[in-house]
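Quick note on the working numbering: the sequence shown kicks off at 2 and runs consecutively.
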Amino acid sequence: MGRESGEIWTDPGIFAADDPKSDRLPGRGRRWSVSLELMEKSIETRAVRTLVISPNWIGDAVMAQPLLRALKDANPQRRIDVLAPAWVAPVWRAAAEVSEVLETPFKHGKLQWAERRAYARVLRERGYDEAYILPNTLKFALIPWLAKIPKRVGYKGEMRYGLINVMHHDDRKSKRPMLPFYAALAGPVSTTAPQNVPYPELTISDADKVAALGRVGIAPGATIVAFAPGAEFGPAKRWPSGYFAGLARLLQQARPDITIVLMGSAKDAEVCDEIVAAAPGVRSLAGVTSLADALAIIGSAAALVTNDSGLMHIAAALKRPVVALYGPTDPRHTPPLSELAKILWLHLECAPCQQRVCPLGHQACMQKLTVDLVWTPLRAMLPARPAAL
Numbered sequence: 002m003g004r005e006s007g008e009i010w011t012d013p014g015i016f017a018a019d020d021p022k023s024d025r026l027p028g029r030g031r032r033w034s035v036s037l038e039l040m041e042k043s044i045e046t047r048a049v050r051t052l053v054i055s056p057n058w059i060g061d062a063v064m065a066q067p068l069l070r071a072l073k074d075a076n077p078q079r080r081i082d083v084l085a086p087a088w089v090a091p092v093w094r095a096a097a098e099v100s101e102v103l104e105t106p107f108k109h110g111k112l113q114w115a116e117r118r119a120y121a122r123v124l125r126e127r128g129y130d131e132a133y134i135l136p137n138t139l140k141f142a143l144i145p146w147l148a149k150i151p152k153r154v155g156y157k158g159e160m161r162y163g164l165i166n167v168m169h170h171d172d173r174k175s176k177r178p179m180l181p182f183y184a185a186l187a188g189p190v191s192t193t194a195p196q197n198v199p200y201p202e203l204t205i206s207d208a209d210k211v212a213a214l215g216r217v218g219i220a221p222g223a224t225i226v227a228f229a230p231g232a233e234f235g236p237a238k239r240w241p242s243g244y245f246a247g248l249a250r251l252l253q254q255a256r257p258d259i260t261i262v263l264m265g266s267a268k269d270a271e272v273c274d275e276i277v278a279a280a281p282g283v284r285s286l287a288g289v290t291s292l293a294d295a296l297a298i299i300g301s302a303a304a305l306v307t308n309d310s311g312l313m314h315i316a317a318a319l320k321r322p323v324v325a326l327y328g329p330t331d332p333r334h335t336p337p338l339s340e341l342a343k344i345l346w347l348h349l350e351c352a353p354c355q356q357r358v359c360p361l362g363h364q365a366c367m368q369k370l371t372v373d374l375v376w377t378p379l380r381a382m383l384p385a386r387p388a389a390l
């Protein structure tokens, strides 16, 4: 039933262009192709300023980090800045390849044409040579085009011809793993899916960990197990709160020395309160910590038990042991990429449905994932009990 995260399903043809002539840029002649080739050769041999426009989801941002590593490996002199929403920015501040994180001033889902034009003028002054546009929307492709950044790399997305001048294509008939989907942008157009893409890797300093723990009253050196019971996608992805509470009680009985904390945003506070009520002694930090502090606390944890969520991907990238609980979503598409992760997925006949709310009303894919099934891998991840206990 469970699958190790090292078993990543990939389709070698997943990134093949749907047009055999797709290496010729739409709307451009051979002269433009030659100019772009010369510019790319120049970029490979000199210091270059690169702007990466981040995905809007935490998990997708984590999955995109190996793209930046590939760009940096290709040209160690490359300076990489990332433009990201405020709620994603802390992820990029934990990525070693990033020189500066710029927080987007735009409202989610709004075009804000005048604001984008004004911000593009600011970016133009920074002198970027190239931009990698990771969201597939038209809105984000406008920014580097308005900023007159010469090389603009991305997928076709919302018919972004002209705005993207190094256009990649994905195969919509196949399920695309997000890791090679983003990493492919570092290579030439029309490439097959890159193989052996390294797993995402984030780093948090010891000083930041100590400071974050201090802000929530946890002593440095405490043994922490974190639960992430929320899921931004919808309730269908959530393991029942009563199951999290049952797991907490098992953990408290077996290891009273361990501090159990619940991680999440303010949206997860209600479900976290339910767990605390059923398992006294558990601490809810939902809505209490910033994402930056959440990264530091998870980076200090002995293990994380989590639904399919952004925090799951963060823990994997921080090289923390993870028990990942899947139901309506597919772990072959966005698994926690770490040798320390254990994926639990029943893969029922009705799954993956990819629905926010169970269309059958029973949520069997999560209800049948019992506490004992989760306790077994979690128990194996726990560090040895301190000698004094």
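Backbone N, C-alpha and C fix where the C-beta goes; we use that ideal spot for every residue, glycine too.
Whose C-alpha, out of Ala279, Glu233 and Ile299, is nearest the C-alpha of Val262? Along the sequence shown, one-based indexing puts residue 262 at 261. Of the candidates Ala279, Glu233 and Ile299, the one whose C-alpha sits nearest the C-alpha of Val262 is Ile299.
Residues near Ala385 by beta carbon distance below 6 Å, same chain, minus five either side: Within the sequence shown, the letter at position 384 stands for residue 385. Sequence-distant Cβ neighbours of Ala385 in its own chain, meaning closer than 6 Å and more than five residues away, do not exist here.
Within the stretch 227-268, note down every full alpha helix (DSSP H) run reaching 4 residues or more, in order along the chain. You should have 242-255.
Bridge partners - Asp82, DSSP secondary structure assignment: Looking up residue 82 in the sequence shown gives position 81. DSSP output for Asp82 lists Leu52 and Glu101 as bridge partner(s).
Residues in the same chain with beta-carbon distance under 7 Å from Thr138, minus the five sequence neighbours each way, listed in chain order, please. Walking along the sequence shown from the start, residue 138 turns up at place 137. The answer, listed in chain order, is Gly158 and Glu159.
Buried or exposed: which applies to Ala132, given that a residue is buried once 16 or more other Cβ atoms fall within 10 Å of its Cβ? Your numbering for residue 132 matches position 131 in the sequence shown. By the neighbour-count definition (other C-beta atoms within 10 Å, threshold 16), Ala132 is a buried residue.
Using the rule of at least 16 other Cβ atoms within 10 Å of the residue's Cβ for burial, across every protein chain shown, is Ser206 buried or exposed? As a working mapping, residue 206 is identified with position 205 in the sequence shown. Classification for Ser206: exposed.
Where Ala304 falls: helix, strand or coil (DSSP): On the sequence shown, residue 304 is found 303 positions in, with the first residue counted as 1. The answer is strand: DSSP assigns Ala304 an E or B state.
Could you pull out every residue in the same chain whose Cβ sits closer than 7 Å to the Cβ of Lys320, ignoring the five residues on either side in sequence? Counting from 1 along the sequence shown, the entry for residue 320 is found at position 319. Counting only Cβ-Cβ distances below 7 Å, and skipping sequence neighbours, we find Ser339 and Leu341.
Within 8 Å, strictly: CB atoms of Ala280 and Arg250: In the sequence shown, the residue the question calls residue 280 occupies position 279. In the sequence shown, the residue the question calls residue 250 occupies position 249. Taking 8 Å as the Cβ cut-off, Ala280 and Arg250 qualify as a contacting pair.
Separation of Leu248 from Asp373, as counted between CA atoms: Residue numbering aside, residue 373 sits at position 372 when the sequence shown is read from its first letter. Residue numbering aside, residue 248 sits at position 247 when the sequence shown is read from its first letter. The alpha-carbon atoms of Asp373 and Leu248 are separated by roughly 8 Å.
Using the beta-carbon count (16 or more within 10 Å), is Ala267 buried or exposed? Walking along the sequence shown from the start, residue 267 turns up at place 266. Its Cβ having fewer than 16 others within 10 Å, Ala267 is exposed.
Near Asp309, which residues of its chain fall below 6 Å by C-beta distance, leaving aside the five closest residues on each side in sequence? What you label residue 309 is simply residue 308 of the sequence shown in a count that begins at 1. Lys238, Tyr327 and Thr330.
Given a cut-off of 8 Å on the beta-carbon distance, is the pair Thr290 and Ala229 in contact? The count along the sequence shown starts at 1 and reaches residue 290 at position 289. The count along the sequence shown starts at 1 and reaches residue 229 at position 228. Going by C-beta atoms, Thr290 is not nearer than 8 Å to Ala229.
Step through the CB atoms of chain C and report whether any lies within less than 8 Å of the CB of Pro241. The structure shown has no chain C; it contains just one protein chain.
By Cβ distance, which residues of its chain are closer than 6 Å to Ala75, with the 5 residues on each side in sequence left out? Position 74 of the sequence shown holds residue 75. Cβ neighbours of Ala75 within its own chain (closer than 6 Å, five residues either side excluded): none.
Using 8 Å as the threshold, is the C-beta distance between Val323 and Pro337 below it? As a position in the sequence shown, residue 323 is number 322, starting the count at 1. As a position in the sequence shown, residue 337 is number 336, starting the count at 1. Yes. Within cutoff.
Is it true that the stretch 343-354 meets the stretch 214-228, where meeting means three or more beta-carbon pairs spaced less than 8 Å apart? Contact fails: fewer than three Cβ-Cβ distances are below 8 Å.
May I ask which residues mark the beginning and end of the alpha helix (DSSP H) holding Lys157? Along the sequence shown, one-based indexing puts residue 157 at 156. In this chain, Lys157 is not harboured by any alpha helix (DSSP H), its DSSP state being neither H nor E.
DSSP beta-bridge partners for Met168? What you label residue 168 is simply residue 167 of the sequence shown in a count that begins at 1. BP columns for Met168 point to Gly155.
Per-residue burial, Glu271 [other beta carbons within 10 Å of its own, 16 or more giving buried]: What you label residue 271 is simply residue 270 of the sequence shown in a count that begins at 1. Glu271 counts as exposed, since fewer than 16 other beta carbons sit within 10 angstroms of its beta carbon.
Would you mind sorting Lys369 into buried or exposed? The rule is 16 or more other CB atoms within 10 Å of its CB. Here the question's residue 369 lines up with position 368 in the sequence shown. Lys369 should be labelled exposed.
For Pro91, is the classification buried or exposed, using 16 other Cβ atoms within 10 angstroms of its Cβ as the cut-off for buried? Working through the sequence shown from its first residue, we reach residue 91 at position 90. Counting other Cβ atoms within 10 Å of its Cβ, Pro91 reaches 16 or more and is therefore classed as buried.
Between Asp130 and Asp172, what straight-line distance do the alpha-carbon atoms span, to the nearest angstrom? Here the question's residue 130 lines up with position 129 in the sequence shown. Here the question's residue 172 lines up with position 171 in the sequence shown. Put simply, the backbone Cα of Asp130 is about 29 Å away from that of Asp172.
Span of the beta strand (DSSP E) around Glu350: Stepping through the sequence shown from its first residue, residue 350 is reached at position 349. Annotation: Glu350 is outside any beta strand (DSSP E) and is labelled neither H nor E by DSSP.
For Leu180, tell me which candidate among Pro151, Gly163 and Leu135 has the shortest Cα-Cα distance. Taking the first residue of the sequence shown as position 1, residue 180 is located at position 179. Of Pro151, Gly163 and Leu135, the residue nearest in Cα terms is Leu135.
Going by C-alpha to C-alpha distance, which of Glu126, Tyr120, Gly128 and Pro151 sits closest to Lys408? Here the chain covers residues 2 to 390 and nothing more, so residue 408 does not appear.
My understanding is that Gly265 touches Gly231, with C-beta atoms under 8 Å, so please give their C-beta distance in whole angstroms. To locate residue 265, count along the sequence shown from 1; it is residue 264. To locate residue 231, count along the sequence shown from 1; it is residue 230. A Cβ-Cβ distance of about 4 Å is found for the pair Gly265 and Gly231, placing them in contact under the 8 Å criterion.
Smallest Cα separation from His334: which of Val49, Met64 and Leu252? Numbered from 1 along the sequence shown, position 333 holds the residue referred to as residue 334. Cα-wise, what sits closest to His334 is Met64.
Alpha carbon to alpha carbon, how far is Pro189 from Tyr156? Position 188 of the sequence shown holds residue 189. Position 155 of the sequence shown holds residue 156. Here the alpha carbon of Pro189 sits roughly 12 Å from the alpha carbon of Tyr156.
Check the C-beta distance from Arg161 over to Ala142 and give it rounded, since I have them as a contact under 8 Å. Position 160 of the sequence shown holds residue 161. Position 141 of the sequence shown holds residue 142. For a cut-off of 8 Å, the C-beta gap from Arg161 to Ala142 is around 4 Å, short enough to register as a contact.
Same chain, Cβ closer than 8 Å to Gln355, five either side skipped, listed in chain order: Reading the sequence shown from its first residue, position 354 is the one you call residue 355. Here the set comprises Pro329, Thr330 and Asp331.
Which word fits Ala66, buried or exposed, when buried means at least 16 other C-beta atoms lie within 10 angstroms of its C-beta? For the purposes of this step, residue 66 is taken as residue 65 along the sequence shown, with counting starting at 1. According to the sequence shown, residue 66 is Gln rather than Ala. With 16 or more other Cβ atoms from the protein chains shown falling within 10 Å of its own Cβ, Gln66 counts as buried.
Cα separation between Gly362 and Ser100? By one-based count along the sequence shown, residue 362 stands at place 361. By one-based count along the sequence shown, residue 100 stands at place 99. Near 47 Å, if we compare the C-alpha coordinates of Ser100 and Gly362.
Under DSSP, the beta strand (DSSP E) around Ile134 begins and ends at which residues? For the purposes of this step, residue 134 is taken as the residue at position 133 of the sequence shown. First-last of the beta strand (DSSP E) with Ile134: Glu131 to Ile134.
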